[in-house]
Amino acid sequence: MGINDAVIIKKTFILIVDNYSIAGHYYHNLEHIERVLKIIKLLQKDTNFSPSIQLAAWFHDIIYDSQAKDNEERSAEYGRRLLISLNIDDEIIDNTCRLILNTKYHKAEINDFDSHVLLDADLSILGSNLEEYHNYSKAIRQEYAWVPDEKYIAGRKAVLESFLQRRIFFTDELFNRLEFAARENIQAEIDFLSQQ
819 MGINDAVIIK KTFILIVDNY SIAGHYYHNL EHIERVLKII KLLQKDTNFS
869 PSIQLAAWFH DIIYDSQAKD NEERSAEYGR RLLISLNIDD EIIDNTCRLI
919 LNTKYHKAEI NDFDSHVLLD ADLSILGSNL EEYHNYSKAI RQEYAWVPDE
969 KYIAGRKAVL ESFLQRRIFF TDELFNRLEF AARENIQAEI DFLSQQ
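Here the working numbering = 1-based position in the sequence shown + 818.
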């Protein structure tokens, strides 16, 4: 690696940090990325390392505007441009972007282990302890502060109820560790919102 490569890598890292440090990112920030990366490391311990999963973790919420409907597409494109500037292999870039796009609806094909790992890591907060979950739900509300209460409650309940309609975690590891707690947390939030 030459001096120019080191400069490009440093500038890229600064761009990433700056994007996740934008005011209004109460949940979709570097703390979230750190959690996602930690869970990915846990889930990848017994498998071949896929660089696309970690790259997708870094970039999946790099563009986050709670009023936009195309955050994942814009994040994938932003990630693509930065990864091209780092001379990352096209196949890795394409897979990274595919993974980012899968976070839009949190759905994946049955044999898509890379997506399963990323999506589980992204949603792992749902199975956290009560205090962490409360902080998460509060941070999400702060990101949507522009939405009137009645509309927010209806929309949030719809999102949460959609999680209860399916298995939340794809990997057996997180299913066994977090599924029950996630369902309890989600139901508790739905119950709370219903009383508002």
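Every residue, glycine too, gets a C-beta built ideally from N, C-alpha and C.
Exercise. Near Y896, what residues of its chain come up, given a Cβ to Cβ distance below 7 Å and the 5 sequence neighbours on each side ignored?
Worked result: Here residue 896 corresponds to residue number 78 of the sequence shown, with the count starting at 1. The residues are F877, I880 and I881.
task: Measure the C-alpha to C-alpha separation of F1010 and I943 and round it to an integer number of angstroms.
output: As a working mapping, residue 1010 is identified with position 192 in the sequence shown. As a working mapping, residue 943 is identified with position 125 in the sequence shown. Roughly 18 Å separates the two Cα atoms.
Looking only at its chain, what residues have a beta carbon closer than 6 Å to the beta carbon of F981, apart from the 5 residues adjacent to it on each side? Residue mapping note: residue 981 aligns to position 163 of the sequence shown, counting from 1. Only I1004 meet the Cβ criterion.
Should the region 822 to 834 be called in touch with the region 898 to 915, which here means at least 3 C-beta pairs below 8 Å?
yes
Locate the alpha helix (DSSP H) running through K975, then write down its first and last residues.
The sequence position of residue 975 within the sequence shown is 157, counting from 1. Note, K975: alpha helix (DSSP H), D967 to L982.
Margin query: Taking the beta carbon of M819 as the centre, do at least 16 other beta carbons fall within 10 Å, making it buried, or is it exposed?
Written below: By 1-based counting over the sequence shown, the position of residue 819 is 1. Residue confidence is low: M819 scores 48 on pLDDT, short of 50, so the model does not pin down where it sits. No coordinate-derived value is stated.
Check your understanding: What did DSSP end up calling K887 once you bin it into helix, strand or coil?
Key -> For this step, residue 887 is matched to residue 69 along the sequence shown. The answer is coil: DSSP assigns K887 none of H, G, I, E or B.
Applying the 10 Å Cβ sphere with the 16-neighbour rule, what's the burial state of I928?
Along the sequence shown, one-based indexing puts residue 928 at 110. Exposed, because fewer than 16 other Cβ atoms sit within 10 Å of the Cβ of I928.
* To do: Identify which residue in Y844, Y838, G842 and Q862 has its Cα closest to the Cα of V935.
  => Start at 1 with the first residue of the sequence shown, and residue 935 comes out as number 117. Per the Cα distances, Q862.
With 16 other CB atoms within 10 Å as the buried threshold, where does Y844 fall? To locate residue 844, count along the sequence shown from 1; it is residue 26. By the neighbour-count rule (16 or more Cβ atoms within 10 Å), Y844 is buried.
Alpha carbon to alpha carbon, how far is Y970 from L978? Give it in angstroms, no decimals.
Taking the sequence shown and counting its residues from 1, one reaches residue 978 at position 160. Taking the sequence shown and counting its residues from 1, one reaches residue 970 at position 152. Distance between the alpha carbons of L978 and Y970: 12 Å.
Determine the direct distance from the alpha carbon of L917 to that of F993, and round the result to whole angstroms. Here residue 993 refers to the residue found at position 175 of the sequence shown. Here residue 917 refers to the residue found at position 99 of the sequence shown. Each residue's CA atom was taken as its position, placing F993 and L917 some 20 Å apart.
If S868 and D932 are in contact, beta carbons under 8 Å, what's the gap, nearest whole angstrom?
Residue mapping note: residue 868 aligns to position 50 of the sequence shown, counting from 1. Residue mapping note: residue 932 aligns to position 114 of the sequence shown, counting from 1. With a Cβ gap of about 5 Å, S868 and D932 count as contacting.
Check your understanding: Could you give the residue range of the alpha helix (DSSP H) that holds W964?
Key -> Against the sequence shown, residue 964 aligns to sequence position 146. Element bounds for W964: n/a, residue is neither H nor E.
Within 9 Å, strictly: CB atoms of S884 and E968
For the purposes of this step, residue 884 is taken as residue 66 along the sequence shown, with counting starting at 1. For the purposes of this step, residue 968 is taken as residue 150 along the sequence shown, with counting starting at 1. Contact check for S884 against E968 fails: the beta carbons are separated by 9 Å or more.
My understanding is that T894 touches L919, with C-beta atoms under 8 Å, so please give their C-beta distance in whole angstroms.
-> Within the sequence shown, the letter at position 76 stands for residue 894. Within the sequence shown, the letter at position 101 stands for residue 919. As written in the sequence, residue 894 is Ala, which differs from the Thr given in the question. 5 Å between Cβ atoms; contact.
ask   = What are the start and end residues of the alpha helix (DSSP H) that includes S839?
value = Along the sequence shown, read from residue 1 onward, the residue named residue 839 stands at position 21. Counting along the chain, S839 falls outside any alpha helix (DSSP H), and DSSP gives it neither H nor E.
Handout entry: Span separating the alpha-carbon of I857 from that of A999
Key = For this step, residue 857 is matched to residue 39 along the sequence shown. For this step, residue 999 is matched to residue 181 along the sequence shown. Roughly 16 Å separates the two Cα atoms.
From V854, L904 and W964, residue whose alpha carbon lies closest to that of V825: Reading the sequence shown from its first residue, position 7 is the one you call residue 825. If we check each option's Cα against that of V825, L904 comes out closest.
Check: Are K855 and A841 close, meaning C-beta to C-beta below 9 Å?
Finding: Translated into the one-based positions of the sequence shown, residue 855 becomes position 37. Translated into the one-based positions of the sequence shown, residue 841 becomes position 23. A quick correction: the sequence has Leu, not Lys, at residue 855. No. Outside cutoff.
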